[in-house]
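For the sequence shown, the numbering used here begins at 1 and goes up steadily by one.
As structure tokens, the structure follows; a few thoughts come after it.
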Amino acid sequence: MKRRYRTGDQIWVRERNLAIVLNYLWEAGGPISRAHLTEISGLNKSTVGSLLTQLQSWGLVRETGLSGQRPGRPGVLIDVNPDAGRLIGTEIGVGFISVVVTDMKANVLWRREIETTDAGKRLTDASQAEVLEQAEGLVQEAISQATNCDCRLFGIGLGVPGLVDHTTGTLLFAPNLRWSNVPLRELWGRRFGVPVVVENEANAAALGERMLGVARQVDNFVYLSAGVGLGGGLVIEGKLYGGMGGFAGEVGHMTLEPEGPQCNCGNRGCWETLVGPTAIVRRVRQAAVEGRAQNLLALAGGDIDAIGMEHILQAAAQGEPAVLSALDEIGRYLGIGIANLINAFNPSLVVLGGVLSLAGPYILPRAQQEVDARALVAARQGVEITLSAFKFDACVMGGVALILRAILDNPAAWYPKPAPEVPLEGRVAFAASVL
Ligand SMILES: [Zn+2]
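So this is what it looks like as structure tokens:
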């Protein structure tokens with residue numbers, strides 16, 4: 001039987017304390033003194049010293065000089081060591097693959113994005129193999145970049161636009177890719193020989209915003225990203241909420257119009273068919289067909305089928321009425337859905353990523369108006385709707401955050417077990433067998 005709670009033996013206590021000290025250092029965002037660390041962690045001075053020695057021996061933290069601000073003896077400043085290792089964040093999207101390499105402080109050292117061969121085409125099993133091969137080639141390139149210093153590669157965080165089984169790291173179903181049952185963690189773990197964490201793209205992005213972006217210190221928020229579909233990630237009480245099977249947050253497939261457009265998930269009138277980029281393009285193309293969007297048509301070279309998001313944003317910037325009204329309608333449906341989410345989850349923040357973040361200025365005012373009109377007063381008060389810190393990189397930064405989170409949760413798991421310590425005089429000596 002798998003036990004739900006690990007009992008608190010001394011190894012566990014030390015692992016927890018190592019994680020606590022590392023988390024405080026991470027959250028500080030820059031060098032802090034040992035004295036300050038002792039104060040905020042509530043641990044005693046000698047314990048902090050011993051934990052720091054351990055973290056330093058792993059190379060996770062480093063001394064960065066002396067603080068001269070306090071009276072008396074200057075204290076040593078401690079910081080997370082950016083060169084402790086490298087992390088890779090990857091996104092397999094619909095029509096593209098994106099990869100970043102960062103240091104331990106999530107500074108981006110290298111990034112690349114390629115279009116995949118499936119862009120714009122209906123996918124087949126053959127193209128799945130092709131896309132996977134392209135993704136693996138790009139990750140291999142990232143690994144060469146990551147390991148060209150003496151640094152260790154901690155792992156690869158991968159975001160995918162679909163449902164993920166967290167116990168196996170298998171992509172179960174990605175409606176817009178038309179992939180199902182791809183054991184990505186197993187495939188990539190074997191191929192690259194480092195830990196691989198697979199997560200739904202919006203969940204990964206939500207974690208990225210929470211750890212590195214606009215939602216730092218925000219305990220309850222909803223992340224919405226529009227790629228080809230509309231993904232959602234829920235952070236509840238500081239943690240990514242997965243639900244029973246890890247599939248929570250698929251808010252793009254809430255039914256908003258029972259007889260609405262067909263969705264790739266098999267349902268009709270899903271939220272994503274009303275506010276996603278496909279919906280935006282569909283609406284403005286209709287306006288162009290009816291001869292109401294001449295500027296837009298000219299921007300697309302007179303070809304209605306060539307109209308894309310870039311033309312729509314340009315035409316909106318030029319103030320083309322039909323385009324502005326289509327975006328306003330998108331804002332209306334966006335606001336209706338957000339009002340529902342506010343009533344359901346009482347977040348303090350709603351973060352918009354992907355295409356939504358680009359079209360923000362044209363859709364946000366109407367979305368806000370709908371939220372004000374529809375959400376319960378008590379729940380909507382103080383809710384901020386804001387744009388992602390990373391826009392199109394939200395998911396790859398989320399991939400980095402997946403690995404970072406795993407390291408911060410239990411740094412000891414990433415290193416060989418420490419040698420038993422000689423107990424200090426006056427402290428309780430632990431039985432050597434448990435150390
Ligand atoms: Zn759907």
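We put the CB at the ideal spot given by N, CA and C, even for glycine.
Because the structure is a prediction, the values reported are computed rather than measured.
In this structure, leucine 224 lies near valine 350, with their beta-carbon atoms less than 9 Å apart.
Taking 9 Å as the cut-off, the beta carbon of valine 194 is found no closer than this to the beta carbon of leucine 171. Excluding its 5 nearest sequence neighbours in each direction, asparagine 17 has C-beta neighbours in its own chain below 6 Å: Leu51, listed in chain order.
The C-alpha of alanine 204 is placed about 8 Å away from the C-alpha of glycine 233. The beta strand (DSSP E) runs lying completely inside the segment 202-239 and spanning 3 residues or more are 221-226, 230-236, given in chain order.
Per the DSSP secondary-structure output, cysteine 270 pairs in a beta bridge with Thr255.
Glycine 398 sits in a helix when the DSSP states are folded into three classes.
Sequence-distant partners of alanine 135 (beyond 5 residues in either direction) whose C-beta falls short of 6 Å from its own C-beta, in its chain, are Ile92, Ile97. Looking at Val101, Asn295, Asp303, Ile338, the one whose alpha-carbon comes closest to that of valine 323 is Asn295.
Residues Thr64, Leu77, Asp79 of the same chain have their beta carbon placed closer than 6 Å to that of proline 31, with the five preceding and five following residues left out of the count.
Ligand 1 has no heavy atom closer than 8 Å to the beta-carbon of glycine 232. Boundaries cannot be given for threonine 168, as no alpha helix (DSSP H) includes it and DSSP labels it neither H nor E.
For asparagine 295, there is no enclosing beta strand (DSSP E); the residue is part of the alpha helix (DSSP H) that begins and ends at 294-299. Taking non-hydrogen atoms of ligand 1 into account, the C-beta of histidine 253 is found less than 8 Å away from one of them. The DSSP assignment places 61-67, 75-80, 86-92, 96-102 as complete runs of the beta strand (DSSP E) inside the segment 32-110, in order along the chain (cut-off: 3 residues).
The C-beta of valine 355 has 16 or more other C-beta atoms within 10 Å across all chains shown, which makes the residue buried. In this structure tyrosine 5 is exposed. Its beta-carbon is surrounded by fewer than 16 other beta-carbon atoms within 10 angstroms. Restricting attention to Thr278, Val275, Thr255, Ile280, the CA atom closest to the CA of arginine 268 is found in Thr255.
Apart from sequence neighbours up to five positions away, the residues of its chain that approach threonine 168 with a beta-carbon distance below 8 Å are Pro183, Arg185, Glu186, ordered along the chain. Excluding its 5 nearest sequence neighbours in each direction, leucine 132 has no C-beta neighbour in its own chain below 7 Å. Here DSSP, grouped into helix, strand and coil, assigns threonine 278 to helix. Residue state for serine 388 is assigned as coil, using DSSP reduced to three classes.
In terms of Cα proximity to leucine 163, the closest of Trp179, Arg152, Leu153 is Trp179.
Only residues of its own chain outside the window of five on either side were considered, and among them Val196 have a CB closer than 6 Å to the CB of glycine 189, listed in chain order.
Ligand 1 has no heavy atom closer than 8 Å to the beta-carbon of glycine 337. In the three-state reduction of the DSSP assignment, alanine 174 falls in the strand class, which pools E and B. If you check the CB distance, valine 235 and leucine 207 come in under 9 Å. Going by C-alpha positions, glycine 245 is about 45 Å away from leucine 299. Checking the DSSP bridge columns, you'll see glycine 155 partnered with Leu87.
When secondary structure is reduced to three states using DSSP, glycine 353 falls in the strand class.
Following the DSSP letters along the chain, one finds serine 180 inside the beta strand (DSSP E) bounded by residues 179-182. Proximity of the segment 317-333 to the segment 355-369 meets the contact definition, three or more beta-carbon pairs being nearer than 8 Å. Taking C-beta separations shorter than 6 Å and ignoring five residues to either side along the sequence, the partners of asparagine 343 in its chain run Ala375, Leu376, Ala379, following chain order.
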